[in-house]
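J.:
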Amino acid sequence: TSGLSPSKYISLFEPVLKEGKDILYPHFSSKLSGTFSAMKIAIDTLKEKYPERTIYAIDTKAITGLALCMLDDIARIADQGKSIPEIIAEFEATVLNSYSLYAFASDLQFFRRSGRLSGISAFMGSMLSIRPLISIDDEGRMGAVGKAVGRQGAISKIQSAIDKLGVEIAKHPLYIVHSDNLPAAQELAAYIETKYGAEPRIIWINPTAGVHCGPGCLGVAFHALRRQM
191 TSGLSPSKYI SLFEPVLKEG KDILYPHFSS KLSGTFSAMK IAIDTLKEKY
241 PERTIYAIDT KAITGLALCM LDDIARIADQ GKSIPEIIAE FEATVLNSYS
291 LYAFASDLQF FRRSGRLSGI SAFMGSMLSI RPLISIDDEG RMGAVGKAVG
341 RQGAISKIQS AIDKLGVEIA KHPLYIVHSD NLPAAQELAA YIETKYGAEP
391 RIIWINPTAG VHCGPGCLGV AFHALRRQM
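Taking my numbering, the leading residue of the sequence shown gets 191, the next gets one more, and so forth.
#1: Given a threshold of 16 other Cβ atoms within 10 Å of its Cβ, counted over all protein chains shown, does E416 qualify as buried or as exposed?
#2: Please list, in chain order, all residues of the same chain as A379 whose beta carbon is under 8 Å from its beta carbon, the five residues on each side excluded.
#3: Measuring alpha carbon to alpha carbon, tell me which of I248, E238, S223, H368 ends up nearest G400.
#4: Using the C-alpha atoms, what's the distance from L286 back to L364?
#5: Rounding to the nearest angstrom, what Cα-Cα distance links D269 and I277 in this structure?
#6: Mind checking G333: buried by the 16 CB within 10 Å criterion, or exposed?
#7: Please work out which residues of its chain come closer than 7 Å, Cβ to Cβ, to G193, disregarding the five sequence neighbours upstream and downstream, and give them in chain order.
#8: Cutting at 6 Å between CB atoms, please list the residues of its own chain near I267, excluding the five before and the five after it.
#9: Quick one: residues in its chain with C-beta nearer than 8 Å to the C-beta of M317, no 5 flanking neighbours on either side, listed in chain order?
#10: Would you identify the three-state DSSP class for M332, choosing helix, strand or coil?
#11: Flag this pair as yes or no: are the beta carbons of Q221 and K251 separated by less than 9 Å?
#12: How long is the line joining the alpha carbons of A295 and P205, rounded to whole angstroms?
#13: Would you mind giving the Cβ-Cβ distance between A374 and R341, rounded to the nearest angstrom? I have them listed as a contact below 8 Å.
#14: Assuming I200 and T235 make a contact with CB atoms under 8 Å, what is their CB distance in whole Å?
#15: List, from N- to C-terminal side, the alpha helix (DSSP H) runs of 4 residues or more that fit wholly inside the stretch 219–296.
#16: Go through the stretch 318–406 residue by residue and report every complete run of the alpha helix (DSSP H) that reaches 4 residues or more, in order.
#17: Rounded to whole angstroms, what is the Cα-Cα separation between L307 and K337?
#18: How would you label D370, buried or exposed, when you count the other beta carbons within 10 angstroms and need 16 or more for buried?
#19: If distances are taken between C-alpha atoms only, which option among A351, G330, I359, L372 comes closest to H217?
#20: Could you please give me the residues that DSSP links to Q412 through a beta bridge?
#21: Within the 9 Å Cβ cut-off, does G409 reach chain C?
Structure below.
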């Protein structure tokens, strides 16, 4: 996966600046990509050209469904008519570490190919039907936080994470993410709907995350006490 170039960021930001508007850009975790050095170059270039305008870049320390939960909340705060500095302050105080993401991968070979796992570990894990439980910490780093045997065992682990960490999840954004694993996503959605009265939105994992976890991945992002157990 390759990051955006400075010119790409400029092409996205400049039309807004030309309209005399400032920009609030919540981006995915800087710990998971080197693309943000290009973003900084673009912002510095545009500051020279539009000194009266400001680009606010905030790190969600998240990806995929976890980032979407936060974007929904940012939009909600913005709809209250608050200024960009006020939006950022409320985001950092009440949103940034108030959601959690737990997921599992079905085929460890994709983690091996992307350099996240050794060949021997991936081979042994696949032979034993081991599913790593994946989460994102407070710094925006993605890593394994546990393991389960088999698909059903992995789903049970995710359900347990929701039960232990979830806070008023029916009142906040909730996304179930998957990579060509709709039956498992629907099973997890039914569990959440029945137990919590929430209405999960089921979406595909974006390519940036999907290239590492491969097909069959399943995860959920939800409002929580903290990011990890």
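Here a beta-carbon is modelled for each residue, glycine too, at the ideal position from N, C-alpha and C. The structure presented is a predicted model; accordingly, all values stated were derived computationally and were not measured.
T.: On the basis of the supplied data:
#1: Here the sequence assigns Arg to residue 416, which means Glu is not the residue at that position. R416 is exposed by the Cβ-count criterion.
#2: I366, P390, I392
#3: H368
#4: 15 Å
#5: 10 Å
#6: exposed
#7: S223, G224, T225, A228
#8: If the five residues before and after I267 are omitted, its C-beta is found closer than 6 Å to the C-beta atoms of I277, E280, all from its own chain and listed in chain order.
#9: Only weak support is given to the placement of M317: the predicted model assigns it a pLDDT of 47, under 50, and the question is left unresolved by the model.
#10: strand
#11: Gln is not the amino acid found at residue 221; the sequence shown has Lys there. For K221 and K251, yes; Cβs fall inside 9 Å.
#12: Cα to Cα, A295 sits roughly 39 Å from P205.
#13: 7 Å
#14: 6 Å
#15: Fully enclosed alpha helix (DSSP H) runs of 4 or longer: 226–239, 254–268, 274–284.
#16: DSSP runs (the alpha helix (DSSP H)) wholly in the stretch 318–406: 340–355, 372–386, 397–403.
#17: In this prediction, L307 has a pLDDT of 46, which is less than 50 and means its spatial position is unreliable; nothing more can be read from the coordinates.
#18: exposed
#19: G330
#20: Correcting the residue identity first, residue 412 is Phe in this sequence and not Gln. F412 pairs with S290.
#21: Going by chain labels, chain C is absent from the structure shown, which holds only one protein chain.
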